[in-house]
Amino acid sequence: MVDVPYDAVTDVPPAEVAEVDLYHPRSWWTKYVFSQDAKVIAIQYSLTATAIGLVALVLSWLMRLQLGFPGTFSFIDASQYLQFITMHGMIMVIYLLTALFLGGFGNYLIPLMVGARDMVFPYVNMLSYWVYLLAVLVLASTFFVPGGPTGAGWTLYPPQAILSGTPGQDWGIILMLSSLILFIIGFTMGGLNYVVTVLQARTRGMTLMRLPLTVWGIFTATIMALLAFPALFVACVMMLFDRVLATSFFMPALVQMGEQMKYGGGSPLLFQHLFWFFGHPEVYIVALPAFGIVSDLISTHARKNIFGYRMMVWAIVAIGALSFIVWAHHMYVSGMHPQFGFFFATTTLIIAIPTAIKVYNWVLTLWRGDIHLTVPMLFALGFIITFVNGGLTGLFLGNVVVDVPLSDTMFVVAHFHMVMGVAPILVVLGAIYHWYPKLTGRMLDDVLGKFHFWVTFLGAYLIFFPMHYLGLLGFPRRYHDIGEAAFIPSSAHTLNAFITVVALIVGFAQMVFLFNLVWSLFKGKPSGGNPWRATTLEWQTPETPPGHGNWGKELPVVYRWAYDYSVPGAEQDFIPQNQPPARRAAQGALP
Amino acid sequence: MSAIILFMAVIAVIAGWWLSQQRLTAKPWLEEGSIGDYPGTGAMTMPAAKIGLGVFLAVAGSLFALFISAYSMRMGMVDWRAMPVPKLLWFNTGVLILSSVALQWALLAARRDDIDGVMVGLLGGGASALTFLAGQLLAWQQLSVAGYFVASNPANSFFYLLTAAHGLHLMGGLAALGRTTAKVWRGVAIAEARLSVELCAIYWHFLLLVWLIVLGVLTGWTDSFIDICRQLLN
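Protein sequence lines, in the order shown, are assigned to chains A and B.
Each residue of the first sequence is one higher than the last, beginning at 22 in this note's numbering.
Each residue of the second sequence is one higher than the last, beginning at 37 in this note's numbering.
Here it is, written out as structure tokens:
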């Protein structure tokens, strides 16, 4: 950095501010409800996602109660158990994680971090949220329709998803498919905004290689989502046709209750291909924003530049591209050709390379850093460990010969909960602790935060580590009540009861977190504009929380990358991205 | 899944080419200073709406590529009975080509500041697109009269599904076209309308291309091509 001759640096005037470009709300309604401001939309997305996520959390308690103490709770029967599983999975993966990372963090952080006033299509952005809300409401309505929500499992595999033996065959599945279609339409509207804003609305000096990794992660994940969600869209539309119009896209010839059904010739495998062509990129749609955010959290809280920034960017792009050619590793047990399995096992293992590069770089960023064990940092560290754990079991399941016996056991449940349940949620929580001061101007309570972290982190391990063992025993997933099976020792039942108790405790720790969110809003310590002394642009706004239009009269001009921490010879241990080079800083022109 | 893989490969090439222009090998930690010191890698200067349309076309393209992938997988099953293609589709195709030509005409007129030409082009394009949609509905009706219902064979199901998906996209385009026409009607400066006209024209050409591919798939022209792709992948 210091190698650049200061004399070569010329002053660049800030970008002209075009007032007309920005939409101004005129009433309370357009300011807080039908708002076109990305920051308000972000909060709307986050609150809606959290609300429906709490429903999914309660569903997981109910499932755990049944698994831990089978036969004790008469209000959970086999159908309901399947419905809980389905709704829990679908809500958590799509309506919570995807919506929160892209709709929530994407909306809030992209314009601020790239130095834009707002998203480029604010009206479409607003529509995106309302279509998302509609999708959530349609999904939630399935709890109240005759027959209840669908119990087809979150993968909605046909033919069982639309046959009468599966709960929610009447309305549940129809509304589920409709809700997904709505979600995808809504997401596409938002996604166009995130991508084009990064491409077109970056402020002066913000080259791609000066973007914080958070933006890189969200940007790449959005592009992947825009290309992958159509696969789910196609699958949903075709299944809706099968269910409503009795076509046979996916439905083979079937006999039900002794009667030949009107279906014939369809291919359930076709659905699996479409579903996983979306489903695997979905894993990285959730993971890449988490990768990006965690990079920024670690760098900021270890007061050290991110190690291997270029490699981090390349790894994000490589993971994004590779994730489109690994989908069939979810289908090893579908009877595929062994060579096909070999191909997909190979691509799956190749994707471990860029992922491992990222993990090494995070660890090397910490190496000899000035590590502050703040709550966001704790969550970031928790993420690294959890992601490595979940990733290692991914190596097991990526290999055909190991996957086949482990398929449909609790081992799989434990694996994907570690890697794309617990790990991204830890990042979400860390990110909320990190950016809450920017949203509200107040700090979240530290003691409650640490309590929340330790219970969540340790609890997650107590829940999911034993689950791997259960899976190795052959304990199947999706079973309402395993009963007395010869291959299941009685200790496994004790373990299940233990997991349930821990799950309840971890769940209640989240209530402490929600209390913290509300309490700190009013009573939290005032944070000032940049409590973490961070370099990225969102911390340099003239107001906190940032006002409408984000910046004052002039847009910020960017002079450096996002990771100038602990630069030798600098006055402070961080140099904001919009701070001009030293020649001017010496004259006192701080931002 | 050959169609979608092919489509993704094209997207990957475009993305790769674009990324190669972005100095991804720069060492940002050494590059302190204002942007003028380094080769241009600032934000795109194209209008946001145009980039947005480009991204949207990639999404819509992915959608149709997936439909066609599903089609090519499903047609390998034993119960597939190819469906006769109504003659009307040829007329409809002609009308859609006309529609695209009209919008191109409007775009050229907008570039030479000929407001009347723009209006003629927009109205002509809109009218022929509506004719196309009416023709598609008529084709549906002819087929169902002849006993080719949506659920009677997967070939029929796909015919209705693909034409419906294409028609819905065109209807969305018509909404945008209507707004553009209203804008020109109100008499805004032609410079302001130029971008809208251009976006409509691009979208129309895209939908024409999609329709030609869909038609090729439905009539079986592309069967041998699909076979080649399938063999390549297997």
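Heads up, the beta-carbon is just placed ideally off N, CA and C, and yes, glycines get one too.
Note that the coordinates shown come from a computational prediction; the quantities given were computed from them, not determined experimentally.
I'd like to check one pair, residue j with residue i: are the Cβ atoms closer than 7 Å?
| i | j | result |
| --- | --- | --- |
| ALA246/A | LEU295/A | no |
| PRO180/A | MET272/A | yes |
| GLY124/A | ASP115/B | no |
| ASN326/A | TYR584/A | yes |
| THR218/A | ILE131/A | yes |
| SER188/B | THR268/A | no |
| PRO375/A | ILE319/A | no |
| VAL578/A | GLN598/A | no |
| HIS350/A | GLY419/A | yes |
| MET210/A | LEU160/A | no |
| VAL152/A | LEU203/A | yes |
| GLY92/A | TYR215/A | no |
| VAL250/B | ALA146/B | no |
| HIS501/A | THR395/A | no |
| PHE312/A | GLY238/A | yes |
| VAL135/A | ARG223/A | yes |
| PHE299/A | ALA252/A | yes |
| PHE261/B | LEU198/B | no |
| THR407/A | VAL443/A | yes |
Out of the options, point me to the one whose CA is closest to residue i's CA.
| i | options | result |
| --- | --- | --- |
| GLY499/A | PHE328/A, LYS60/A, ALA339/A and GLN104/A | The sequence given here places Arg at residue 499/A; Gly does not occur at that position. Nearest C-alpha to ARG499/A: GLN104/A. |
| CYS236/B | PHE168/B, SER136/B and VAL181/B | SER136/B |
| GLY157/B | LEU166/B, THR167/B and LEU144/B | LEU144/B |
| ARG225/A | LEU576/A, SER587/A, GLN600/A and VAL588/A | LEU576/A |
| LEU191/B | ILE41/B, THR61/B, SER70/B and ALA118/B | The amino acid occupying residue 191/B in the given sequence is Ala; Leu does not appear at that position. Of the listed residues, the one whose Cα sits closest to ALA191/B is ALA118/B. |
| LYS60/A | SER269/A, ARG138/A and TYR116/A | ARG138/A |
| LEU118/A | PHE90/A, GLY136/A and MET441/A | MET441/A |
| LEU220/A | ALA48/B, TRP65/B, LEU42/B and ALA79/B | ALA79/B |
| GLN561/A | PRO602/A, LEU538/A, LYS459/A and LEU450/A | LYS459/A |
| LYS86/B | VAL421/A, LEU213/A, LEU542/A and ALA366/A | LEU213/A |
| GLY528/A | GLY573/A, PHE478/A and LEU154/A | PHE478/A |
| LEU198/A | ILE112/A, GLN281/A and VAL304/A | ILE112/A |
| ALA94/B | GLY171/B, VAL220/B and VAL49/B | VAL49/B |
| LEU483/A | PHE508/A, PRO567/A, ILE526/A and ALA77/A | ILE526/A |
| LEU210/B | GLY171/B, TRP221/B, GLY161/B and ARG148/B | GLY161/B |
Per DSSP, which residues does residue i bridge with? Please list them.
| i | result |
| --- | --- |
| TYR586/A | PHE595/A |
| THR386/A | Partner(s): none; THR386/A has no beta bridge. |
| GLN277/A | GLU280/A |
| THR71/A | Per DSSP, none; premise fails for THR71/A. |
| ASP430/A | Checking the displayed sequence, the identity of residue 430/A turns out to be Thr instead of Asp. DSSP, once it has assigned bridges, lists PRO497/A as partnering THR430/A. |
| LYS463/A | Rather than Lys, the amino acid found at residue 463/A in this sequence is Arg. DSSP, once it has assigned bridges, lists PRO547/A as partnering ARG463/A. |
Within a Cβ cutoff of 6 Å, which residues of the same chain sit near residue i, ignoring the five residues on either side of it in sequence?
| i | result |
| --- | --- |
| GLU40/A | Model confidence at GLU40/A stands at a pLDDT of 48, short of 50, so the residue's coordinates are unreliable; what they give is reported in the following sentence. There are no such residues. |
| MET37/B | SER105 |
| LEU245/B | none |
| VAL315/A | ALA401, PHE404 and VAL448 |
| ALA45/B | none |
| TYR457/A | LEU465 |
Residues in its own chain within less than 7 Å of residue i by CB, not counting five upstream and five downstream?
| i | result |
| --- | --- |
| PRO302/A | MET245, ALA249, SER344 and PHE345 |
| THR107/A | PRO170, THR171, GLY172, ALA173, GLY174 and TRP175 |
| TYR144/A | GLN57 |
| GLY415/A | HIS436 and VAL440 |
| SER355/A | LEU290 and GLN293 |
| GLY52/B | none |
| LEU125/B | ALA175 and LEU251 |
| VAL121/B | LEU254 and THR255 |
| ILE62/A | SER56, ASN128, ASN146, MET147 and TYR150 |
Go through its chain and collect everything with a Cβ distance to residue i's Cβ below 8 Å, but skip five positions before and after it.
| i | result |
| --- | --- |
| LEU155/A | LEU203 and GLY207 |
| LEU542/A | THR461 and ARG463 |
| TYR454/A | THR395, VAL396, PRO397, PHE400, LEU465 and GLY470 |
| TYR305/A | ALA242, MET245, ILE340, GLY341 and SER344 |
| PHE363/A | VAL421 |
Next on the checklist: Below 8 Å, how does it come out for the segment 163 to 175 of chain A and the segment 185 to 202 of chain A: are there three or more Cβ pairs, yes or no?
Outcome noted: yes
Checklist entry - Is it true that the segment 468 to 476 of chain A meets the segment 515 to 534 of chain A, where meeting means three or more beta-carbon pairs spaced less than 8 Å apart? => result With the cut-off at 8 Å, the segment 468 to 476 of chain A and the segment 515 to 534 of chain A touch.
Item to check | Three-pair Cβ contact test at 8 Å for the segment 54 to 63 of chain B versus the segment 329 to 339 of chain A | outcome: The answer is yes - the segment 329 to 339 of chain A touches the segment 54 to 63 of chain B, with three or more Cβ pairs under 8 Å.
Next on the checklist: When you compare the segment 85 to 92 of chain A with the segment 519 to 527 of chain A, are there three or more beta-carbon pairs, one atom per stretch, that lie closer than 8 Å?
Outcome noted: yes
Checklist entry - Are the segment 581 to 596 of chain A and the segment 552 to 559 of chain A touching by the rule of at least three beta carbon pairs closer than 8 Å? => result yes
Next on the checklist: Check whether the segment 162 to 178 of chain B and the segment 127 to 134 of chain B are in contact - that is, three or more C-beta pairs closer than 8 Å.
Outcome noted: yes
Checklist entry - If you pair each beta-carbon of the segment 479 to 492 of chain A with each one of the segment 420 to 436 of chain A, do three or more pairs fall below 8 Å? => result yes
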